[in-house]
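Numbering (my numbering), first residue to last: 6 to 86.
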Amino acid sequence: MELSDYFRDTEPEEWNLIGFYKHRQREPDFTRVFQKEAFKLRKSLDYLLENGTTIAKARADRLIKSLKASVKHSFCRALKR
């Protein structure tokens with residue numbers, strides 16, 4: 006899996022979910038499907054956990070936790086409809 010350019014172009018201290026999605030929106034292969042974009046994000050974060058610096062690994066871990074909470078929230082909200 007190739008690492009998203011967002012993580013190459015942005016300092017680890019500045020990484021966040023919204024920043025990732027805004028960056029993805031500017032890319033030609035952006036899907037507009039939350040699940041697909043979340044999958045791309047997760048693959049990049051998994052790559053960083055395996056290959057990143059100590060700081061990158063810590064930030065990737067925090068983003069994974071945020072992503073899990075975001076997915077859970079979206080799923081619960083969808084069930085209430």
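C-beta atoms are modelled at their ideal positions from N, C-alpha and C, and glycine is treated no differently. If you're wondering where the values come from, they're calculated on a predicted model, not measured in any experiment.
Using the Cα positions of residue i and residue j, report the straight-line distance between them to the nearest angstrom.
| i | j | result |
| --- | --- | --- |
| GLN40 | LEU72 | 11 Å |
| ARG64 | PRO17 | 6 Å |
| GLN30 | ARG37 | 8 Å |
| THR15 | THR59 | 16 Å |
Skipping 5 residues on each side, what residues in its chain have a beta carbon closer than 6 Å to that of residue i?
| i | result |
| --- | --- |
| ILE69 | LEU50 |
Using 8 Å for Cβ pairs, my map puts residue i next to residue j. What's the rounded Cβ distance?
| i | j | result |
| --- | --- | --- |
| LEU46 | PHE25 | 6 Å |
Taking residue i as the reference, give the member of the options with the closest Cα.
| i | options | result |
| --- | --- | --- |
| ALA74 | THR15, LEU22, GLN30 | LEU22 |
CB of residue i to nearest heavy atom of the ligand GDP: below 7 Å?
| i | result |
| --- | --- |
| ASP66 | Looking at this structure, you won't find the ligand GDP or any other ligand, since it has none at all. |
In chain order, what residues of the same chain have a beta carbon less than 7 Å from the beta carbon of residue i, not counting five sequence neighbours either side?
| i | result |
| --- | --- |
| PHE35 | ARG29 |
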